[in-house]
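**Student:**
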Amino acid sequence: MAFGSWLRKNAEKYLMEAAQESVARRYPEYCAESYREKGLAHFFWKNVFVPVYLAIPWPVRRKIILFTSYPGGKRPSWKKFG
Amino acid sequence: MSSDNLRIIIIGGGAGGISAASTSKTVAPGASVTVFTEYEDVAYSPCGIPFVLGKEIPDFERLFLQTPEHYASIGIDLRLRTAVTGIDLKGRTVSVGAEKYPWDRLIIATGWEYDKPDIPGINLEGLHYIKNIRRAMEFDKLLDGVKKVVVVAATPLGIEISGNLAHRGIETHLVDEGAWLMSDVADPDIMEPVQKSLEEFGTIIHFGEKVLEFRGRDGKVSSVVTTGREIECDVAIIATHKKPNNRISREAGIEIGSTGGIVVDDHMRTSVKDVYAAGDCCEIIHGVTDIPIQGLSGSHAYSQGRVAGANAAGADRAYDPVFVPWGMVGGQVQMGGVSLGETLHKALGIPHIVAAATGISRARYYPGVSRIRVKLIADPVTHRVLGAQMSGGEGIKERADFLAFAIKRGATIEDFAWMENVYSPPIGALMEPIALAAQAGLAELAKNK
Ligand SMILES: Cc1cc2nc3c(=O)[nH]c(=O)nc-3n(C[C@H](O)[C@H](O)[C@H](O)COP(=O)(O)OP(=O)(O)OC[C@H]3O[C@@H](n4cnc5c(N)ncnc54)[C@H](O)[C@@H]3O)c2cc1C
């Protein structure tokens, strides 16, 4: 798996899990408990990667995501809305 | 090259491939257009399959939109049951086994497949994937003798199938690792009425459980083992996430992005000259975040196919980044939205405020009135609305389409709070639920000042 895909797959999984936990705390009446894997790798992504990622300001983070999304960071031409 | 002599080959006969073929033929009537599909049929609506299985729609025949003869009559050469085994980019051919077919323009629309879990028992008989209509027809007959079914994953397809099979009177178990339905895309407060409705239909939902194994007897599935229990069943349905079906494109050397989808530009051009792609095999730019995403809907595949088909035939059409209006029914409740919900905003760490309210679909006294929950997500600085989610008894699709249109044009919380709306007792309440949510948003913004 290419680095970009590997990073995205893991980042998505653990950021999603952290977000789901936060949302579940906000709406406890609508939530059961999620299944969560355990282990060293999970510990790293959850306790190191997620907080570091979320500490970076969104505009910078967005640039990093875009850069790692394409080999060489070169995005094909698309209209911009944001 | 004159567009009249073009040889256009399309791999895929789903929404993306068929719309590409028809549009190519319209733009360049003299071009030769050939569609290869490994399936037995084209031009049917897979989206209707769960509802035929649930006996909401009486038969599969209604799902066919066109016949192969129709395509032959407009000059499209359909090669059914024909799998393309390779793409030669230098020699500009595709191969079907030993045979080679030359192209001047190639459109790849190979779609998606279910993400097959890599667990013991995955090759047992009795595990089903709902996609191809012929397999669905066979499955429908089999279901007449089925008493218990397990559906794996509360994805949109998992929810539709579970509700429909429970409606058919089959004991239906839905197993998911998440804490609520569609927890990867939707928010729990939005999905709660859907969950209730599925349960009223008889669906038994097991949240927070991972499927570990399929157990069988005589080579056929007899139970599903999860982290929480073992559920006996006659059949199991795998409704896991859609992943792009890109083996032959990857092998050919076409650029694949971080989502696993083919990288395309706004003209549906791939990294290789004269090669286009459309539909669920591609990744597309998200209009709000600018990030490529993958696994959209049949309506997106259809529109992308039209753009790819037109451009391959010599036109110059662009496809905009997507704001992804979506909507569906679970049990008897409609749900939908646009762009990202609260959970995904949190996951990406995008600064946002949440503006939510519950309104009604018609005048409060009018028979058939139902509750509608609307949640808008907005930028706390510009007040631009970035996304929305909703659920309720009616009118969700229309609100999702309207919100997508308005969000694409930069509408703010203030715009929605002061929007004009229709009031007519049988079809609309005095207070539009979207406006109510936006007014709650104004209050939220005032608090944060
Ligand atoms: C049960 C179900 C319900 C759905 N509900 C909805 C809904 O409510 N709303 C909605 O918008 N969408 C819905 N969809 C549509 C779906 O989610 C997809 O977005 C849509 O099918 C994508 O179309 P596509 O043409 O990109 O790919 P696909 O439909 O996957 O088509 C791929 C085509 O490629 C062909 N193919 C692949 N590889 C090869 C090869 N090597 N050689 C030859 N042919 C090949 C296949 O035979 C097929 O014809 C539903 C789908 C299903 C199955």
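Residue numbers (our numbering), protein chains in the order written: chain U, 18 to 99; chain P, 58 to 506.
Virtual Cβ for every residue (Gly too), placed ideally from N, Cα, C.
Since the structure is predicted, the reported quantities are computational estimates derived from the model, not experimental observations.
Would residue 234 of chain P be called buried (16 or more neighbouring beta carbons within 10 Å of its own) or exposed?
**Tutor:** The residue you call residue 234 of chain P lines up with position 177 of the second sequence. By the 10 Å Cβ count, residue 234 of chain P comes out buried.
**Student:** Taking the alpha carbon of residue 493 of chain P as the point to measure from, which residue in P:450, P:436, P:228, P:429 has its own alpha carbon closest?
**Tutor:** Residue 493 of chain P sits at position 436 when you count from the first residue of the second sequence. Among P:450, P:436, P:228, P:429, the Cα nearest to that of residue 493 of chain P belongs to P:429.
**Student:** Based on the DSSP output, what are the partners of residue 207 of chain P in its beta bridges?
**Tutor:** In the second sequence, residue 207 of chain P corresponds to position 150, counting from 1. Residue 207 of chain P pairs with P:230, P:293.
**Student:** Among residues of its own chain, excluding the 5 on either side of residue 388 of chain P, which ones have a beta-carbon nearer than 7 Å to its beta-carbon?
**Tutor:** Here residue 388 of chain P is taken as the residue at index 331 of the second sequence, counted from 1. So the list reads 220, 251, 254, 255, 257, 258, once near-sequence residues are dropped.
**Student:** Is there a Cβ from chain U that is less than 9 Å from the Cβ of residue 274 of chain P?
**Tutor:** Translated into the one-based positions of the second sequence, residue 274 of chain P becomes position 217. With 9 Å as the cut-off, residue 274 of chain P does not count as an interface residue toward chain U.
**Student:** Is residue 48 of chain U helix, strand or coil by DSSP?
**Tutor:** Residue 48 of chain U sits at position 31 when you count from the first residue of the first sequence. In this structure, residue 48 of chain U counts as coil in the three-state DSSP scheme.
**Student:** For the alpha helix (DSSP H) holding residue 253 of chain P, just list the boundary residues, first then last.
**Tutor:** In the second sequence, residue 253 of chain P corresponds to position 196, counting from 1. 245-258 is the extent of the alpha helix (DSSP H) around residue 253 of chain P.
**Student:** Just how far apart, CA to CA, sit residue 443 of chain P and residue 436 of chain P?
**Tutor:** Looking up residue 443 of chain P in the second sequence gives position 386. Looking up residue 436 of chain P in the second sequence gives position 379. Looking at the two C-alpha atoms, the distance is approximately 7 Å.
**Student:** Could you tell me which residues DSSP pairs with residue 445 of chain P in its beta bridges?
**Tutor:** Taking the second sequence and counting its residues from 1, one reaches residue 445 of chain P at position 388. The partner list for residue 445 of chain P (beta bridge, DSSP) reads P:395, P:433.
**Student:** With a CB to CB cut of under 6 Å and the five nearest residues on each side skipped, what residues in its chain are close to residue 312 of chain P?
**Tutor:** To locate residue 312 of chain P, count along the second sequence from 1; it is residue 255. Correct list, in chain order: 320, 328.
**Student:** Does DSSP classify residue 194 of chain P as helix, strand or coil?
**Tutor:** Your numbering for residue 194 of chain P matches position 137 in the second sequence. DSSP places residue 194 of chain P in helix when its eight states are reduced to three.
**Student:** When the Cα atoms are used, what is the spatial distance from residue 478 of chain P to residue 470 of chain P?
**Tutor:** Taking the first residue of the second sequence as position 1, residue 478 of chain P is located at position 421. Taking the first residue of the second sequence as position 1, residue 470 of chain P is located at position 413. Their Cα atoms are separated by approximately 15 Å.
**Student:** Is DSSP giving residue 82 of chain P helix, strand or coil here?
**Tutor:** For the purposes of this step, residue 82 of chain P is identified with residue 25 of the second sequence, where counting begins at 1. Residue state, collapsed to three classes: helix.
**Student:** Confirm, please, whether the CB-CB distance from residue 334 of chain P to residue 166 of chain P is below 9 Å.
**Tutor:** Numbered from its first residue, the second sequence carries residue 166 of chain P at position 109. Numbered from its first residue, the second sequence carries residue 334 of chain P at position 277. Their beta carbons are under 9 Å apart, which means residue 166 of chain P touches residue 334 of chain P by this criterion.
**Student:** Is residue 89 of chain P helix, strand or coil by DSSP?
**Tutor:** Residue 89 of chain P sits at position 32 when you count from the first residue of the second sequence. Of the three classes helix, strand and coil, the one that applies to residue 89 of chain P here is strand, per DSSP.
**Student:** Considering only their Cβ atoms, is the gap separating residue 87 of chain P from residue 110 of chain P smaller than 9 Å?
**Tutor:** Start at 1 with the first residue of the second sequence, and residue 110 of chain P comes out as number 53. Start at 1 with the first residue of the second sequence, and residue 87 of chain P comes out as number 30. No.
**Student:** In chain order, what residues of the region 345-372 of chain P put their CB closer than 8 Å to some CB of chain U?
**Tutor:** 345, 346, 347, 348, 349
**Student:** Taking 9 Å as the threshold (C-beta atoms), are residue 391 of chain P and residue 318 of chain P in contact?
**Tutor:** Stepping through the second sequence from its first residue, residue 318 of chain P is reached at position 261. Stepping through the second sequence from its first residue, residue 391 of chain P is reached at position 334. Going by C-beta atoms, residue 318 of chain P is not nearer than 9 Å to residue 391 of chain P.
**Student:** Could you confirm whether any beta carbon from chain U is found closer than 9 Å to the beta carbon of residue 237 of chain P?
**Tutor:** By one-based count along the second sequence, residue 237 of chain P stands at place 180. Look at residue 237 of chain P: its C-beta is under 9 Å from a C-beta on chain U.
**Student:** Using CA atoms only, rank isn't needed, just tell me which of P:218, P:142, P:445, P:358 is closest to residue 462 of chain P.
**Tutor:** To locate residue 462 of chain P, count along the second sequence from 1; it is residue 405. Selected option, being the one with the closest Cα: P:445.
**Student:** Please report the residue range of the alpha helix (DSSP H) in which residue 462 of chain P lies.
**Tutor:** Residue 462 of chain P sits at position 405 when you count from the first residue of the second sequence. Per DSSP, residue 462 of chain P belongs to the alpha helix (DSSP H) from 453-465.
**Student:** In whole angstroms, what is the alpha-carbon distance linking residue 418 of chain P and residue 498 of chain P?
**Tutor:** Position 361 of the second sequence, counted from the first residue, corresponds to residue 418 of chain P. Position 441 of the second sequence, counted from the first residue, corresponds to residue 498 of chain P. Counting only the Cα atoms, residue 498 of chain P lies some 20 Å from residue 418 of chain P.
**Student:** Tell me where the alpha helix (DSSP H) around residue 85 of chain U begins and ends.
**Tutor:** Here the question's residue 85 of chain U lines up with position 68 in the first sequence. 75-86 is the extent of the alpha helix (DSSP H) around residue 85 of chain U.
**Student:** In chain order, what residues of the same chain have a beta carbon less than 6 Å from the beta carbon of residue 161 of chain P, not counting five sequence neighbours either side?
**Tutor:** Counting from 1 along the second sequence, the entry for residue 161 of chain P is found at position 104. Closer than 6 Å at Cβ, skipping near neighbours: 63, 64.
**Student:** On the DSSP bridge list, what partners appear for residue 185 of chain P?
**Tutor:** As a working mapping, residue 185 of chain P is identified with position 128 in the second sequence. Answer by DSSP bridge pairing, in chain order: P:294.
**Student:** Short check: CB of residue 398 of chain P to CB of residue 247 of chain P, under 9 Å?
**Tutor:** Locating residue 398 of chain P in the second sequence gives position 341, where the first residue counts as 1. Locating residue 247 of chain P in the second sequence gives position 190, where the first residue counts as 1. Yes, they are a contact pair.
**Student:** Applying a beta-carbon distance threshold of less than 8 Å, which residues of chain U neighbour residue 245 of chain P?
**Tutor:** By 1-based counting over the second sequence, the position of residue 245 of chain P is 188. Correct list: 40, 41, 44, 47, 48.
**Student:** Beta-carbon separation of residue 25 of chain U and residue 346 of chain P under 9 Å?
**Tutor:** Here residue 25 of chain U is taken as the residue at index 8 of the first sequence, counted from 1. Here residue 346 of chain P is taken as the residue at index 289 of the second sequence, counted from 1. Taking 9 Å as the Cβ cut-off, residue 25 of chain U and residue 346 of chain P do not qualify as a contacting pair.
**Student:** Using a C-beta to C-beta distance shorter than 8 Å, which residues of chain U count as neighbours of residue 375 of chain P?
**Tutor:** Counted from its first residue, the second sequence places residue 375 of chain P at position 318. Going along chain U in sequence order, the residues near residue 375 of chain P (Cβ under 8 Å) are 96.
**Student:** Just to confirm before moving on: does the CB-CB distance between residue 300 of chain P and residue 171 of chain P stay below 9 Å?
**Tutor:** Against the second sequence, residue 300 of chain P aligns to sequence position 243. Against the second sequence, residue 171 of chain P aligns to sequence position 114. Their beta carbons are under 9 Å apart, which means residue 300 of chain P touches residue 171 of chain P by this criterion.
**Student:** Using a Cβ cut-off of 8 Å, pull out every chain P residue sitting near residue 81 of chain U, in sequence order please.
**Tutor:** In the first sequence, residue 81 of chain U corresponds to position 64, counting from 1. Per Cβ cutoff of 8 Å: no residues; residue 81 of chain U is ~11 Å from chain P at best.
**Student:** List the residues of chain U whose Cβ lies closer than 7 Å to the Cβ of residue 403 of chain P, in chain order.
**Tutor:** For the purposes of this step, residue 403 of chain P is taken as residue 346 along the second sequence, with counting starting at 1. Near residue 403 of chain P (Cβ distances below 7 Å), the residues of chain U are 36, 39, 40.
**Student:** What are the residues that DSSP puts in a beta bridge with residue 101 of chain P?
**Tutor:** The residue labelled residue 101 of chain P in the question sits at position 44 within the second sequence. For residue 101 of chain P, which the question treats as bridged, DSSP gives the partners P:121.
**Student:** So which residues on chain P does residue 68 of chain U lean against when the C-beta distance must stay under 9 Å?
**Tutor:** As a position in the first sequence, residue 68 of chain U is number 51, starting the count at 1. Near residue 68 of chain U there are no residues of chain P at all, since even the closest Cβ is about 11 Å away, more than 9 Å.
**Student:** If we define contact as Cβ-Cβ less than 9 Å, is residue 248 of chain P a contact residue for chain U?
**Tutor:** Counting from one through the second sequence, the residue named residue 248 of chain P turns up at place 191. Yes, residue 248 of chain P lies at the interface with chain U (some Cβ there is under 9 Å from its Cβ).
**Student:** Which two residues bound the contiguous alpha helix (DSSP H) that contains residue 501 of chain P?
**Tutor:** In the second sequence, counting from the first residue as 1, residue 501 of chain P sits at position 444. Element bounds for residue 501 of chain P: 490-505.
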